[in-house]
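**Q** There's a structure below that I have some questions on.
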Amino acid sequence: MTALVKKKAEPGLSQEQVLIPEIGINDVLIKVDRTGVCGTDLHIYVWNEWAERTIHPPLVIGHEFVGIIERVGSNVKDFQPGDVVSGEGHVVCGRCRNCLAGRRHLCADSHGIGIARPGSFAQYLGIPVTNVWHHDPSIPRDVQAIFDPLGNAVHTALSFDVLGEDVLITGAGPIGLMA
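Numbering of the sequence shown is given in this note's numbering, commencing with residue 1369 and proceeding in unit increments.
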């Protein structure tokens, strides 16, 4: 399949042919339809200090996406081929204290899609079913592809009682604009 790959520890990306991901019994294979470009992807592209410390090439990057399930693992019951889905970008261990307490966002062994494992700037993406989310087909696919940053903006805006308060939103990137 075709993918955008951070091939070397230097600025740039390259279009490469890579293998379609193999999936396990608890995974799904998603045919990627659309992706969003995150600031994280730009950091990887320009190869800044954060990328130098974090990314280990070669790596397919990207983590904002929407697609159609192509295949499901034998243990997957709530999803089927043809479902329109996207996914949470942090693949967690599911076994640590935080994961077992429902605080997956605090997992000590989290692996970011497109950061520490193959990402969505490819024709196919394989991820655990616990990271997959159904989409209402009435929502435009372009919007579905950016649910990740939209969710960050909405979560932040709703985390505090700001009705009638002055609020400063810094940055005019996607999350700042959506907040």
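C-beta: ideal position from N, C-alpha, C; glycine also.
What are the uninterrupted segments assigned as alpha helix (DSSP H) that are 4 or more residues long and contained completely in the stretch 1389-1468, given in chain order?
**A** 1407-1414, 1417-1422 and 1465-1468
**Q** Mind the definition here: the stretch 1482-1491 touches the stretch 1414-1432 only if three or more C-beta pairs lie below 8 Å; say whether that holds.
**A** Short answer: they touch.
**Q** Nearest to Gly1457 by alpha carbon, out of Gly1519, Ile1507 and Ala1547?
**A** Gly1519
**Q** So, for Ile1391: in the same chain, excluding its five sequence neighbours on each side, which residues have a beta-carbon less than 6 Å away from its beta-carbon?
**A** Leu1397, Gly1441 and Gly1494
**Q** Nearest to Val1535 by alpha carbon, out of Thr1524, Gly1541 and Pro1542?
**A** Closest option to Val1535, Cα to Cα, is Thr1524.
**Q** If you check the beta carbons only, do Pro1508 and Val1459 fall under 9 Å apart?
**A** no
**Q** What is the DSSP secondary structure of Arg1472, counted as helix, strand or coil?
**A** helix
**Q** So what does DSSP say about Ala1490, is it helix, strand or coil?
**A** strand
**Q** How many angstroms separate the CA atom of Arg1463 from the CA atom of Ala1476?
**A** One C-alpha to the other measures close to 10 Å.
**Q** According to DSSP, which residues form a beta bridge with Ala1371?
**A** Glu1384 and Ala1490
**Q** Distance, Cα to Cα, Trp1501 vs Ser1478?
**A** Taking the straight line joining both Cα atoms gives about 18 Å.
**Q** Could you check where the beta strand (DSSP E) with Val1511 kicks off and where it finishes?
**A** Element bounds for Val1511: not the beta strand (DSSP E) but the alpha helix (DSSP H), Arg1509 to Gln1512.
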